[in-house]
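Engineer:
Residue numbers (the UniProt record's numbering): 1 to 178.
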């Protein structure tokens with residue numbers, strides 16, 4: 001009995017396909033794909049969510065002092081002349097950050113190994129690099145998705161059949177987070 005489906009692809013293509021579909025599932029909450037792919041994506045997604053649920057509260061809050069550039073009313077950096085050169089003025093700010101404990105850090109690295117980076121582009125800036133944001137999917141797993149499933153012991157995804165695909169009659173399904 002095989003441990004996984006090969007999906008008619010080479011190993012590198014298969015890994016890339018599964019990574020992209022898991023990333024889309026975590027980012028959007030549901031995807032439409034074939035039944036065989038959905039069953040493979042489900043394994044990976046459920047493993048990532050289980051990691052997030054286990055390590056959800058495993059951090060400590062630490063207060064640090066950071067140097068932040070001073071900004072004017074327009075949001076531009078304030079500069080002053082020192083020894084004939086323009087130098088940015090910095091101010092010290094106290095910040096509270098979450099510091100991962102070792103097991104949570106390990107879980108974060110395992111998640112980053114399975115997820116691609118996602119860049120969000122606002123609709124009004126379509127086609128431009130300006131105002132794009134990188135979505136932190138690991139933080140989304142820890143902060144949004146994991147708290148929903150704390151009381152649940154697995155079964156974080158649902159597969160709903162929607163019928164055969166028109167071109168090749170492959171069974172299409174919706175894979176969604178419960």
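Quick reminder that beta carbons are idealized off the backbone N, C-alpha and C, glycines included.
Would the beta-carbon of residue 89 fall within 8 Å of that of residue 66?
Structural biologist: Going by C-beta atoms, residue 89 is not nearer than 8 Å to residue 66.
Engineer: For residue 53 versus residue 149, is the C-beta spacing smaller than 8 Å?
Structural biologist: For residue 53 and residue 149, yes; Cβs fall inside 8 Å.
Engineer: Within 8 Å, do at least three Cβ pairs link the segment 63 to 78 to the segment 106 to 116?
Structural biologist: The segment 106 to 116 vs the segment 63 to 78: no contact.
Engineer: Could you pull out every residue in the same chain whose Cβ sits closer than 6 Å to the Cβ of residue 159, ignoring the five residues on either side in sequence?
Structural biologist: Here the set comprises 38, 173 and 175.
Engineer: Looking at C-alpha atoms only, which residue of 142, 122 and 143 is the closest neighbour of residue 134?
Structural biologist: Answer by Cα proximity: 122.
Engineer: Pairs of beta-carbons, one from the segment 164 to 173 and one from the segment 137 to 156, closer than 8 Å: are there three or more?
Structural biologist: The answer is no - the segment 137 to 156 does not touch the segment 164 to 173, with fewer than three Cβ pairs under 8 Å.
Engineer: Cα-Cα, which of 80, 49 and 99 is closest to residue 63?
Structural biologist: Of 80, 49 and 99, the residue nearest in Cα terms is 99.
Engineer: Alpha carbon to alpha carbon, what distance is there between residue 30 and residue 162?
Structural biologist: So the alpha carbons of these two residues sit roughly 14 Å apart.
Engineer: In its own chain, which residues sit with a C-beta less than 6 Å from the C-beta of residue 108, not counting the 5 before and 5 after it?
Structural biologist: So the list reads 138, once near-sequence residues are dropped.
Engineer: Look up residue 164 in the DSSP assignment and say whether it is helix, strand or coil.
Structural biologist: Note: residue 164 maps to strand in three-state DSSP.
Engineer: Once you ignore the five residues that flank residue 17 on each side, which residues in its own chain have a CB closer than 8 Å to its CB?
Structural biologist: The answer, listed in chain order, is 7, 9 and 37.
Engineer: Below 6 Å CB to CB, which residues in the same chain sit around residue 79 once its five sequence neighbours on both sides are set aside?
Structural biologist: Result list for residue 79: 86 and 88, in chain order.
Engineer: Could you tell me whether the Cβ atoms of residue 103 and residue 131 are closer together than 8 Å?
Structural biologist: No, they are not a contact pair.
Engineer: Whole angstroms is fine: what's the gap from residue 124's alpha carbon to residue 2's?
Structural biologist: Distance between the alpha carbons of residue 124 and residue 2: 47 Å.
Engineer: If you draw a straight line from the alpha carbon of residue 105 to that of residue 11, how long is it in whole angstroms?
Structural biologist: Computed Cα separation, rounded: 28 Å.
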